[in-house]
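Protein chains in written order, with our numbering: chain B, 416 to 829; chain H, 729 to 1048. Backbone N, C-alpha and C fix where the C-beta goes; we use that ideal spot for every residue, glycine too. Written below as structure tokens is the structure these notes are about.
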Amino acid sequence: MRRLMSVLVGVLFLAMAIGPAWAGMDKLVIGFTMSQTGKFNSESKEQFQGLKLWAKQVNSEGGIFVRTVGRRFPVVFKYYDDESSKDRVQQLYTRLISQDKADFLISPYSSGLTASAAIIAEQYGKVMMATGAASDSIFNKGYTHVFQIYTPASRYLTDAMDILSKVDPKAKRIAIVYENSKFAKSVCTSAKKYAEKKGFKVVLFEAYDPGTTDFTSFINKIKATHPDAIIGGGHFADGETFTKQLYEQKVKVKLVSLLVAPAVPEFSELGKAALYVTGPSQWEPLAKFSKKTAKSKWFGPSSKEFTQAYKKAYGYVPGYHAAGGYAAGLVLQKAIEEAGSIKTNDVKKALEKMDITTFYGRIKFDTGKYYGRQVGHSMVYLQWQEKGGKLVKEVVWPLEAKSADLIYPFYKKY
Amino acid sequence: MGKGKTLFWLIPLLLVIVAIPGVSGSVTAREGVFLILMYVTLAVSLNIILGYTGYVSFGHIVFYGIGGYVAFYLMIFHGVHLIPAMIAGGIGAALAAFALGEAVLRLRGAFFAIATIGVNEAVKALVNNLNFIGGAEGLFFNFSIYKTYGGAARAIWFSYYTMATVTVVTIVAAYLIKKSKFGLGLMAIREDEDAAIILGVNAKRYKSLAYAASAFFPGMVGAVFFFKAGNIEPHDAFHLMKSIEMIFMVMLGGYGNVTGAVTGALVYERLKGFLLVNPLFKNLHMAISGVILLLIVLFMPQGIIGFIRDKSKKLRELLE
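Written as structure tokens, this is what we have:
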């Protein structure tokens, strides 16, 4: 037994000795933690794959061009597993900065882990691209080095109101029915505020418990208040059930826009109930942002090029987590190129000034009270439509990214 | 019963470890030692109810979460300094444990273990729905809160030394409890609760007090940890996985033994920390630490320190 233990200990020490951190001056080190284990594993993996694809493409061209030095620097990743838990995030980010000499940082997946990493990034003055973190709560907290790639939760459903005012200015009555969970609640509270500001009347604002399977009482309330649009939802299962019951009860509304569920491919199993339901997503492969329709300067590959390259590398079509990972790298690359330097302050200034459009959408950062928060990017809205007898997802909003026109009103299908 | 000599080498050794990052100025070392201290404190305090009293508190992390929330609330909304907030967190956790203990400590064996998991999940669900403490969204510090402590860099050093102090206090307290009449009562309960009652041990009161004591320190740890992390969310504060890790550490080092809990925490943290960043093992760290733990539990059921104590009579006095 003792021999076995000493062998084990010996192996460990050997491994410790042969794995020193090597950091040269001829490359750009980008550090981050990802959730290789724990509950964020699958989302984090997607994000990482997107990021890896970006690095591969950049390095195939020789790296990122830094003007003041006059040559290209290849990108090298340093990353560790954060186990989806806050315990080690700060330890690992400290290590990334002080020992691995990371020049730039990418955030972990999820807002909570990002907030912990942000303290370290801020303390050492390192730029951190926050992707996979949609919370607004990180961005009025005095951080000056964290830049958000995702559309924040406060704007997830606000575009539903914009869609409504565009297609039907007379529709003013909104019912908000949402799951009582962290994310859905912050999204819907902001949506309510926005709706009221824009002159809509929120006729119903109700939360249901996670795991609700019977929405009869909510549907009765909806019917009683005669809304033009229903927005809300939460996760997949409840969103799916809610949609089904809306259809069974033939609820007559003009627009239905729900979180999460409509973006999931399995939503089509609902058949006719799914028809014309809309929902927001950070990005969709169908989103047709292009040089022509872009509202600001274009940068990077087209949506099609990204989707194809991703499919070639990993064998399936990317979702928005992967796109967010790729976009984080892309935006950082653009900032370094614009700054012409890898000094934090120069890159920060370039990020502040940045207003570009990529395959992922527009990118622009808040420089006021919510410093670093994403203000350019907006959600794309997809709608389930019928094509040749089959249900398909189409992007209907924003107009510059649409793949099909919005079919309105919702009750057309009855 | 002699006072033993364990503390005379254990505390100085700990102080030396604590001083290393400060002397060398290495922040990487500081982060590592911070986690060690945190794990040591959690393991040593769990040992009071688990090792001394023989009650497997599976959901012990609930007290870390409660302490974290109480302190975080005080700091963010009332501008309370970390130190009083931390003590309030500890007291909050201890009171919660005392009250809960009156109910769940009636259960024995597996029933108690399962009840404590239930308590953890119930508190998590409750916090998820309490909006004044952020509900499911959690609470986030404003970065400027660290200004009171001289900026974030100094605040992190400050939380490091605070954690070190908590650790030392915890070890001394756990040792004194073990050596007291109260501790003897707890161990009597562990060996045979009914016999202990017949011999005049007030088992009910003793267990509740032990439970409260073993909750007090994790409450303070939670306060310091979330202060440093800058935000607190229910799923992190009441993370069942960490509860299991705490039990692992105690079992690894040696059940019912202060040095054992310290050693278990130290070895576990170092092992995990090493596997996590090593290029050779970083994708397999969970599997490897699992296998090593399995080997230890299979071949050294009394833990590392228990194993050494068995082999050497001379060291027994030094390893309590």
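Using DSSP with H/G/I as helix, E/B as strand and the rest coil, what is residue i?
i	result
Val484(B)	coil
Tyr623(B)	strand
Arg588(B)	strand
Trp437(B)	Confidence at Trp437(B) is low in this model, with a pLDDT of 33, below 50, so the placement of that residue should be treated as unreliable; the coordinate-derived value is given next. Residue state, collapsed to three classes: coil.
Lys1039(H)	helix
Val424(B)	Because the pLDDT of Val424(B) is 44, which lies under 50, any placement of that residue in the model is unreliable, and the question is left without a value.
Phe780(B)	strand
Ala496(B)	What sits at residue 496(B) in the sequence shown is Asp, not Ala. Three-state DSSP puts Asp496(B) in a strand.
Tyr609(B)	helix
Tyr593(B)	strand
Ile553(B)	coil
Met1014(H)	helix
Tyr796(B)	strand
Gly446(B)	strand
Leu466(B)	helix
Asn474(B)	helix
Gly1034(H)	helix
Val679(B)	coil
Phe519(B)	strand
Gly647(B)	strand
Gln789(B)	strand
Val666(B)	coil
Asn870(H)	coil
Lys616(B)	strand
Val703(H)	Absent from the model: residue 703(H). The displayed extent of chain H is 729 to 1048, so no value can be given.
So residue i is in the alpha helix (DSSP H); what residue range does that whole segment cover?
i	result
Lys763(B)	Thr759 to Lys768
Ala395(B)	Since the first residue shown for chain B is 416 and the last is 829, residue 395(B) is missing from the structure and cannot be characterised.
Val784(H)	That residue, Val784(H), is in no alpha helix (DSSP H); it is neither H nor E in DSSP.
Ala545(B)	Segment Met543 to Ala545 is the beta strand (DSSP E) holding Ala545(B); no alpha helix (DSSP H) there.
Thr573(B)	Thr573 to Val582
Pro812(H)	Leu810 to Val832
Thr509(B)	Lys501 to Ser513
Phe455(B)	Careful: Phe455(B) lies outside any alpha helix (DSSP H) and carries neither H nor E.
Roughly how many whole angstroms lie between the Cα atoms of residue i and residue j?
i	j	result
Ala436(B)	Gln800(B)	Because the pLDDT at Ala436(B) is just 33, under 50, the model does not fix this residue reliably, and the point stays unresolved.
Leu738(H)	Val732(B)	57 Å
Ile905(H)	Thr893(H)	18 Å
Gln723(B)	Lys703(B)	14 Å
Val851(H)	Ser936(H)	19 Å
Tyr797(H)	Phe657(B)	35 Å
Ala902(H)	Leu743(H)	17 Å
Lys556(B)	Leu867(H)	11 Å
Gly439(B)	Val490(B)	Residue placement at Gly439(B) cannot be trusted, given a pLDDT of 41 that sits under 50; what the coordinates show is reported in the next sentence. If you take the alpha carbons of Gly439(B) and Val490(B), they lie about 12 Å apart.
Thr693(B)	Tyr983(H)	57 Å
Leu797(B)	Ser696(B)	7 Å
Phe682(B)	Glu655(B)	7 Å
Leu661(B)	His650(B)	16 Å
Thr448(B)	Tyr539(B)	17 Å
Ile926(H)	Tyr939(H)	21 Å
Gly730(B)	Glu815(B)	28 Å
Less than 8 Å between the CB atoms is what I'm expecting for residue i and residue j, so what's the real figure, rounded?
i	j	result
Ser818(B)	Leu701(B)	5 Å
Leu968(H)	Ile776(H)	Going by Cβ atoms, the distance from Leu968(H) to Ile776(H) rounds to 20 Å, so no, they are not a contact pair.
Glu759(H)	Thr509(B)	5 Å
Met948(H)	Met766(H)	The Cβ separation is near 11 Å, so there is no contact.
Met803(H)	Ile861(H)	That pair is no contact at about 12 Å.
Ala590(B)	Val618(B)	6 Å
Phe976(H)	Leu1021(H)	6 Å
Identify the continuous beta strand (DSSP E) that holds residue i and give its terminal residues.
i	result
Pro1007(H)	Counting along the chain, Pro1007(H) falls outside any beta strand (DSSP E), and DSSP gives it neither H nor E.
Met766(H)	Careful: Met766(H) lies outside any beta strand (DSSP E), inside the alpha helix (DSSP H) at Val755 to Asn775.
Gln697(B)	Per DSSP, Gln697(B) belongs to no beta strand (DSSP E) and is neither H nor E.
Phe562(B)	Val561 to Gln563
Leu673(B)	Leu670 to Leu674
Leu806(B)	Lys805 to Trp812
Whose CA, out of the options, lies closest to the CA of residue i?
i	options	result
Leu823(H)	Asp1038(H), Pro812(H), Gly795(H) and Leu810(H)	Gly795(H)
Pro716(B)	Val473(B), Gln462(B) and Gly453(B)	Val473(B)
Gln1119(H)	Gly879(H), Lys907(H), Asn985(H) and Phe910(H)	Nothing about residue 1119(H) can be read from this structure; chain H reaches only from 729 to 1048.
Lys749(B)	Ile771(B), Thr604(B) and Asn760(B)	Ile771(B)
Gly753(H)	Ala993(H), Asn870(H) and Ala881(H)	Ala881(H)
Ser672(B)	Phe519(B), Lys460(B), Arg487(B) and Ile822(B)	Ile822(B)
Ser569(B)	Gly783(B), Val491(B), Tyr494(B) and Asp551(B)	Asp551(B)
Trp698(B)	Ser718(B), Tyr691(B), Ser711(B) and Glu681(B)	Ser718(B)
Ser971(H)	Ile960(H), Leu1026(H) and Ala771(H)	Ala771(H)
Phe886(H)	Thr895(H), Phe840(H), Leu810(H) and Ile845(H)	Leu810(H)
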